[in-house]
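K.L.:
Before anything else, here's the structure in question.
Protein chains: 2
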Amino acid sequence: MVSMASINTDLDSRRDAIEEALEEFVQLRMAGSEAPAMKLASDILLAGGKRYRPIIALLAFEAAGGDDTSKVMNLALSAEIIHTATLVHDDIYDQSKVRRGKPTLHTSIGLPQAIIAGDYLFALGFGLGGRHDDRVVERIAEACGRIANGELKQLEHVGNLATTPEDYYAIVDGKTAFPFASGCWGAAVLAEAPEVTVTALELFGMEFGRAFQMVDDLLDLTGETSMGKPRGTDVHDGKMTLPIIHALTMLHGVEREQLADVLQNFSDDRWEELTQLLEGAGSFDYVTQLIENHTERAMDALETLPSTEARDMMFELVRISESRRN
Amino acid sequence: MVSMASINTDLDSRRDAIEEALEEFVQLRMAGSEAPAMKLASDILLAGGKRYRPIIALLAFEAAGGDDTSKVMNLALSAEIIHTATLVHDDIYDQSKVRRGKPTLHTSIGLPQAIIAGDYLFALGFGLGGRHDDRVVERIAEACGRIANGELKQLEHVGNLATTPEDYYAIVDGKTAFPFASGCWGAAVLAEAPEVTVTALELFGMEFGRAFQMVDDLLDLTGETSMGKPRGTDVHDGKMTLPIIHALTMLHGVEREQLADVLQNFSDDRWEELTQLLEGAGSFDYVTQLIENHTERAMDALETLPSTEARDMMFELVRISESRRN
Chain F
2 MVSMASINTD LDSRRDAIEE ALEEFVQLRM AGSEAPAMKL ASDILLAGGK
52 RYRPIIALLA FEAAGGDDTS KVMNLALSAE IIHTATLVHD DIYDQSKVRR
102 GKPTLHTSIG LPQAIIAGDY LFALGFGLGG RHDDRVVERI AEACGRIANG
152 ELKQLEHVGN LATTPEDYYA IVDGKTAFPF ASGCWGAAVL AEAPEVTVTA
202 LELFGMEFGR AFQMVDDLLD LTGETSMGKP RGTDVHDGKM TLPIIHALTM
252 LHGVEREQLA DVLQNFSDDR WEELTQLLEG AGSFDYVTQL IENHTERAMD
302 ALETLPSTEA RDMMFELVRI SESRRN
Chain L
2 MVSMASINTD LDSRRDAIEE ALEEFVQLRM AGSEAPAMKL ASDILLAGGK
52 RYRPIIALLA FEAAGGDDTS KVMNLALSAE IIHTATLVHD DIYDQSKVRR
102 GKPTLHTSIG LPQAIIAGDY LFALGFGLGG RHDDRVVERI AEACGRIANG
152 ELKQLEHVGN LATTPEDYYA IVDGKTAFPF ASGCWGAAVL AEAPEVTVTA
202 LELFGMEFGR AFQMVDDLLD LTGETSMGKP RGTDVHDGKM TLPIIHALTM
252 LHGVEREQLA DVLQNFSDDR WEELTQLLEG AGSFDYVTQL IENHTERAMD
302 ALETLPSTEA RDMMFELVRI SESRRN
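Going down the list, the sequences are from chains F and L.
Numbering of the first sequence is given in this note's numbering, commencing with residue 2 and proceeding in unit increments.
Numbering of the second sequence is given in this note's numbering, commencing with residue 2 and proceeding in unit increments.
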């Protein structure tokens, strides 16, 4: 039995390895002809995200029996860099001011520069991801296609009080769960794991991705900050997250009208009102339960793998994500 | 000796082959889960660009001795799709209203959707390009990195009357010449051509790319339309193209002040004034001469290759580009 403290030390070491590889990647380009674009992109890239995507790719590779982690590092970095590219562009059309605790790129350097910096990050991410065999490359491209489609669906539903849980899942799967699943799948493929292991890790990524995004969406309503953004960002943006979709379904009559009014005419002084309506509808409990369900399914998928140190770390990472407060 | 008419028929057949492959690629995705994003992207993708990038990749492959053109089609489409992605994003920050004779994407579908559609096109282009070996993939990623850096440099110099010819070349090489060169280089690599052929085709692409961009920039000042955009778009955007840089260098005293004033307070009724100043400075002649120089160097590079039908088509394509009126 490995102690909890030891698992957390190991997790930290993986996070450090990712951080170092990322810094090395950035520094190499800060010296060359790409310096101007990298200078713009490096701030957000090195602003200390939680690095869930590259860490699960790294751990999935190890859990799948891969021994030389240098073989998975490009894929891991690719996942983080492409994710960062989407954040830079999201922040533009969400008109967000703060990300990872810093001013968003378009706020600090301007809209054109932020669009280009995002494009540059995509090119970097694809350049790293493209060094693998065709199956992996196609999967990365497919994941990016799904992210785009998930984001389009989210835009379509902004302010739409008739958004269904199915719409929500389509958005979350496109934006987050499929990319998580693809990272784990690709890592297992690179580890040359048997098909049953590849599939188990893909399923793990899918379910963990759903739980992860739901925690994020819940924290937007209940946390102090979420991913370095102020609380309530989604509500201000009119994004239909699951707690809100649930409350709109459960409430009736006067309360349903009140919720619609809060959402359509939201301001920070109506925060208490919104929270009480969601609590009254049992929406926080409902989403918390769903997070637990997806977390359990993610853990069930892990249970089918051989017991390894990497698998222990994955269990722990899932627990940490579930109980995080930002 | 092959007749001119026959060469032009052959060029048309290559353009048709590209167009068909592109349409097939789009249709395949219009049916699947990527339909929403592809629906947004397909309009601009199939709006009938001139397809120089994929055509030169195709011809370079043949001229390098490649026989099965299906081997180069992914690279050719990748070049066109990534180029289209950059156009969609450029049009956003240039606030352009018309492209390829149609309303720009952000004008017709909105800023967020256009950013996402561009990202989706990048993912498609990289997905296609990534199916090749590491050398080619890295080159595609490098070309995209250089495009980003060229665009940043262009932005930096907007409205800057002290922009030098060296700045201009750095912009053109990043945005256009290096991508052209990379397409030709990659095509020759895929054809498994000897190093000397690969290098000759790369040089051809570089010099043709420079000539091509200079024609574009000249047409912005002298043509009726350029690439489906209204004349004078660059002047309105404050872009420092070579004719303007040249005139700013050559003119002195009152005329220099007048030119600075025209550029800084440009409106369509000052068109005649601008044209006369540029003509007086000999700027049109100067840029025409430079176009001829780069065209000749491109053709010199072709001369080193074995005489083939594909090479004849490349000569003709260069001539067509040099004498085009839009």
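Note that the Cβ used here is the ideal one computed from N, Cα and C, for glycine as well.
Spatial neighbours of residue 25 of chain L within its chain, please: CB distance less than 8 angstroms, with the 5 preceding and 5 following residues excluded, ordered by chain position.
P.N.:
none
K.L.:
Measure from the alpha carbon of residue 172 of chain L to the alpha carbon of each residue in L:150, L:184, L:300 and L:191, then state which is nearest.
P.N.:
Answer by Cα proximity: L:150.
K.L.:
Which value, in whole angstroms, describes the spacing of the CA atoms of residue 238 of chain L and residue 92 of chain L?
P.N.:
11 angstroms
K.L.:
Work out the CA separation of residue 41 of chain L and residue 384 of chain F for me, nearest whole Å.
P.N.:
Past the boundaries of the shown model lies residue 384 of chain F; chain F is included only from 2 to 327, so the question cannot be answered.
K.L.:
Compare the Cα-Cα distances from residue 103 of chain L to each of L:144, L:94 and L:88 and report the closest residue.
P.N.:
L:88
K.L.:
Grab the span of the alpha helix (DSSP H) containing residue 37 of chain L for me, first residue to last.
P.N.:
36 to 46
K.L.:
Grouping DSSP H, G and I as helix and E and B as strand, with all else coil, what is residue 51 of chain L?
P.N.:
Coil.
K.L.:
Figure out for me which residue from L:97, L:148 and L:181 has the closest Cα to the Cα of residue 236 of chain L.
P.N.:
L:97
K.L.:
Assuming residue 376 of chain L and residue 315 of chain L form a contact by the criterion Cβ under 8 angstroms, report the distance between their Cβ atoms to the nearest whole angstrom.
P.N.:
Since the first residue shown for chain L is 2 and the last is 327, residue 376 of chain L is missing from the structure and cannot be characterised.
K.L.:
Using CA atoms only, rank isn't needed, just tell me which of F:265, F:114, F:306 and F:81 is closest to residue 154 of chain L.
P.N.:
F:114
K.L.:
Report, in whole angstroms, the separation of the C-beta atoms of residue 79 of chain F and residue 213 of chain F, which I expect to be a contact under 8 angstroms.
P.N.:
Between residue 213 of chain F and residue 79 of chain F the Cβ distance is about 19 angstroms, and since that is not below 8 angstroms, they are no contact.
K.L.:
Would you say residue 109 of chain L reaches chain F, if we count a Cβ-Cβ gap shorter than 8 angstroms as a contact?
P.N.:
no
K.L.:
Of all Cβ atoms in chain L, is any one closer than 8 angstroms to the Cβ of residue 169 of chain F?
P.N.:
Judged by the 8 angstroms Cβ criterion, residue 169 of chain F is not in contact with chain L.
K.L.:
Which residues in the same chain have their Cβ closer than 7 angstroms to the Cβ of residue 296 of chain F, if we skip the five residues on either side of it in sequence?
P.N.:
212, 319 and 323
K.L.:
Could you check where the alpha helix (DSSP H) with residue 234 of chain L kicks off and where it finishes?
P.N.:
234 to 238
K.L.:
Closer than 9 angstroms by beta-carbon distance: list the chain F residues that pair up with residue 71 of chain L, in chain order.
P.N.:
Within 9 angstroms Cβ-Cβ: nothing; residue 71 of chain L doesn't reach chain F, min ~15 angstroms.
K.L.:
Classify residue 98 of chain F as helix, strand or coil using the three-state DSSP reduction.
P.N.:
Of the three classes helix, strand and coil, the one that applies to residue 98 of chain F here is coil, per DSSP.
K.L.:
Spell out whether any CB of chain L is found under 8 angstroms from the CB atom of residue 123 of chain F.
P.N.:
yes
K.L.:
Decide yes or no for the touch test of the region 188 to 202 of chain F against the region 160 to 168 of chain F: beta carbon pairs closer than 8 angstroms, at least 3 of them.
P.N.:
no
K.L.:
Return helix, strand or coil for residue 113 of chain F, following the three-state DSSP convention.
P.N.:
helix
K.L.:
By a C-beta neighbour count over all protein chains shown, 10 Å radius and 16 as the cutoff for buried, is residue 142 of chain L buried or exposed?
P.N.:
buried
K.L.:
Which of the three DSSP states, helix, strand or coil, is assigned to residue 195 of chain F?
P.N.:
Residue 195 of chain F: coil per DSSP, three-state reduction.
K.L.:
Starting from residue 314 of chain L and walking both ways along the alpha helix (DSSP H), at which residues does that stretch end?
P.N.:
310 to 324
K.L.:
Going by alpha carbons, who is nearest to residue 225 of chain F out of F:325, F:282 and F:256?
P.N.:
Out of F:325, F:282 and F:256, F:325 has the C-alpha closest to the C-alpha of residue 225 of chain F.
K.L.:
Identify every residue that forms a DSSP beta bridge with residue 104 of chain L.
P.N.:
L:99, per the DSSP bridge assignment.
K.L.:
With a CB to CB cut of under 6 angstroms and the five nearest residues on each side skipped, what residues in its chain are close to residue 135 of chain F?
P.N.:
none
K.L.:
Would you mind working out which of F:55, F:156 and F:271 sits nearest residue 187 of chain F, comparing C-alpha positions?
P.N.:
F:55
K.L.:
Are three or more beta carbon pairs between the region 56 to 70 of chain F and the region 25 to 36 of chain F nearer than 8 angstroms?
P.N.:
no
K.L.:
Can you find a CB in chain L that lies within less than 8 angstroms of the CB of residue 127 of chain F?
P.N.:
Chain L, which has a Cβ nearer than 8 angstroms to the Cβ of residue 127 of chain F, makes this yes.
K.L.:
Just verifying my parser: in three-state terms, what is the DSSP assignment at residue 68 of chain L?
P.N.:
DSSP places residue 68 of chain L in coil when its eight states are reduced to three.
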